[in-house]
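Our numbering runs 3 ahead of the 1-based position in the sequence shown. Beta carbons: idealized from backbone N, C-alpha and C, even for Gly. Everything on this sheet refers to the single structure shown next.
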Amino acid sequence: MRLALYQPDIPQNTGTLLRLGACLDVSLDIIEPCGFMFNEKAMRRAGMDYLEFSKCRRHNSWQDFLEYRQQHSDEYGRIVLLTTHADKSFVEFEFKPNDIILMGRESAGVPENVHQTADARLLIPMNPQARSINMAISAAMAVSECLRQINGFPTINK
């Protein structure tokens with residue numbers, strides 16, 4: 004499975020998810036432009052010393068991401084968008100090993116054309132009075148559920 008971040012706004016969230024990916028052997032795709040200077044110094048500060056273990060691919064645009072996905076269809080499967088504009092819970096969805104969990108911008112989500120490109124749109128059930136959960140926490144919840152379903156967590160070494 005993969006985690007894709009669409010034009011992330013907050014470097015700390017991106018760093019957190021790079022660290023999550025490194026710890027759980029989940030590859031990340033960063034779809035630019037980012038809302039911050041995406042350089043090694045900023046990511047080192049946010050991702051600490053885990054960056055050397057992360058598998059991250061940067062894409063210049065949504066179109067570049069889609070083209071790369073098409074060229075590497077063995078690694079890149081369905082686009083599963085996590086959004087507040089969905090009717091199905093992420094825990095009711097049947098994940099597959101090559102699914103891509105797509106997260107939108109913290110400030111604006113994804114535009115309609117990206118929304119329509121998604122093969123599935125899922126939400127995290129929550130208190131109806133709340134607006135949204137932090138993007139990095141939401142991504143971690145969805146990644147966890149996907150890894151649980153596909154038996155994809157790293158092996159525990161004792």
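In three-state terms, what does DSSP make of residue i?
i    : result
R81  : coil
S135 : coil
H118 : helix
T158 : coil
E97  : coil
D12  : coil
G18  : helix
F39  : coil
Who are residue i's beta bridge partners in DSSP?
i    : result
G112 : R108
D32  : A7 and R60
L125 : L85 and K91
I163 : For residue 163 there is no data in the structure shown, the boundaries of the chain being 4 and 161.
Pull up the distance between the alpha-carbon of residue i and that of residue j, whole angstroms please.
i    : j    : result
D32  : S92  : 23 angstroms
R22  : F39  : 18 angstroms
C59  : S30  : 6 angstroms
E55  : V94  : 31 angstroms
T87  : T158 : 33 angstroms
K99  : N42  : 32 angstroms
A7   : N130 : 26 angstroms
P11  : N160 : 34 angstroms
A145 : I104 : 8 angstroms
S64  : Y71  : 11 angstroms
**Asked** Given 8 angstroms as the limit, is there contact between the stretch 115-122 and the stretch 146-160, that is, 3 or more CB pairs closer than that?
**Response** no
**Asked** Any chance the stretch 95-113 sits against the stretch 129-142, with 3 or more Cβ pairs inside 8 angstroms?
**Response** yes
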